[in-house]
Amino acid sequence: MKRLLGVLLPLLLCLLAAPVRADGDPRWIFYTRDTTYYTSPWFAGAHRIMVPFGCTRAPYYSPDPRCEHGHGFHHGLDIAMPCGTRLFAANGGRVVSNDGLGPAYGDNPLMLRNVRLGYDLVIGHTRRVYVHEGERVKPGTLIARASDNGAPDGCHLHFEKRAVGGGLDSAVWPRPLLDLTPDAH
Numbered sequence: 027m028k029r030l031l032g033v034l035l036p037l038l039l040c041l042l043a044a045p046v047r048a049d050g051d052p053r054w055i056f057y058t059r060d061t062t063y064y065t066s067p068w069f070a071g072a073h074r075i076m077v078p079f080g081c082t083r084a085p086y087y088s089p090d091p092r093c094e095h096g097h098g099f100h101h102g103l104d105i106a107m108p109c110g111t112r113l114f115a116a117n118g119g120r121v122v123s124n125d126g127l128g129p130a131y132g133d134n135p136l137m138l139r140n141v142r143l144g145y146d147l148v149i150g151h152t153r154r155v156y157v158h159e160g161e162r163v164k165p166g167t168l169i170a171r172a173s174d175n176g177a178p179d180g181c182h183l184h185f186e187k188r189a190v191g192g193g194l195d196s197a198v199w200p201r202p203l204l205d206l207t208p209d210a211h
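Dropping the structure here:
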């Protein structure tokens, strides 16, 4: 029963949250042609991808040999959302130290480790974090809120999936983990 509630609670929370379709933050610049709004068990509402994973023309990244035209490489997925948007743990895990992340993730990034599923999830640009290092987090737990802290282009969340204990070079495409679903509204 507890396991079923752990799966259903994040889905219910997302269904109860009205999709956010505000005019948006005037600082938002979308470095993708994808205009789809997505929902996820990780956040409230429906939002657009701002900077996709991989090669990007966003100016914040140094040229990368993997990319053409002198573009940089973005190791995560940035999703534009209003400041204060609620962020939930879709999967359980343990909050681990964010000491090695650096200022590009804002002042208060969050890192969740799920050894069973084999990943660390770095979440950057959080405003308020409700969980603390060493704490075990259950699915559906409110863990943080979106912010523009450390983000020159407005409120959003940065999601980066890494190997357990891995560094930036272990980052992989985070979209399947986020379970992004096109919004039907």
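So the sequence shown is numbered by my numbering: it starts at 27 and just counts up by one. In this text, a Cβ means the ideal position worked out from N, Cα and C, and glycines have one as well.
Taking the alpha carbon of residue i as the point to measure from, which residue in the options has its own alpha carbon closest?
| i | options | result |
| --- | --- | --- |
| P208 | R162, I55, S173, P67 | P67 |
| P129 | P91, P165, H151, L206 | H151 |
| D205 | F114, D125, H182 | F114 |
| Y63 | I105, R53, H100 | I105 |
| L194 | G126, I75, F56, N134 | G126 |
| C181 | H73, Y86, T61, D60 | H73 |
| W54 | A84, A70, C93 | A84 |
| D60 | V77, P52, A70, G71 | V77 |
Classify residue i as buried or exposed, calling it buried when 16 or more other Cβ atoms lie within 10 Å of its own Cβ.
| i | result |
| --- | --- |
| H153 | Note that residue 153 corresponds to Arg in the displayed sequence, not to His. Answer is buried; the Cβ neighbour count reaches 16. |
| A116 | buried |
| G160 | exposed |
| V121 | buried |
| V141 | exposed |
| A189 | exposed |
| T111 | buried |
| P89 | exposed |
| A210 | exposed |
| S123 | exposed |
| G191 | exposed |
| H100 | buried |
| R162 | exposed |
Output the boundary residues of the beta strand (DSSP E) element that contains residue i.
| i | result |
| --- | --- |
| L136 | 136-140 |
| R154 | 152-155 |
| R171 | 168-172 |
| V121 | 119-122 |
| T58 | Note, T58: premise wrong, no beta strand (DSSP E); not H, not E. |
| G80 | 80-82 |
Just grab the DSSP bridge partners of residue i for me.
| i | result |
| --- | --- |
| G103 | Residue identity differs from the one stated: residue 103 is Leu in this sequence, not Gly. DSSP output for L103 lists F185 as bridge partner(s). |
| H73 | Y64 |
| R112 | R171 |
| V198 | K187 |
| G50 | Per DSSP, none; premise fails for G50. |
| Y145 | N140 |
| G98 | T82, P89 |
| P208 | Y64 |
The alpha helix (DSSP H) that contains residue i, what's its start and end?
| i | result |
| --- | --- |
| R201 | 201-204 |
Could you give the C-beta distance for residue i and residue j, rounded to a whole number, given that I count them as a contact under 8 Å?
| i | j | result |
| --- | --- | --- |
| R201 | F79 | 7 Å |
| G102 | F185 | 5 Å |
| H95 | T82 | About 11 Å separates the two Cβ atoms, so there is no contact after all. |
| L203 | Y145 | 7 Å |
| C109 | S173 | 6 Å |
| L147 | K187 | 6 Å |
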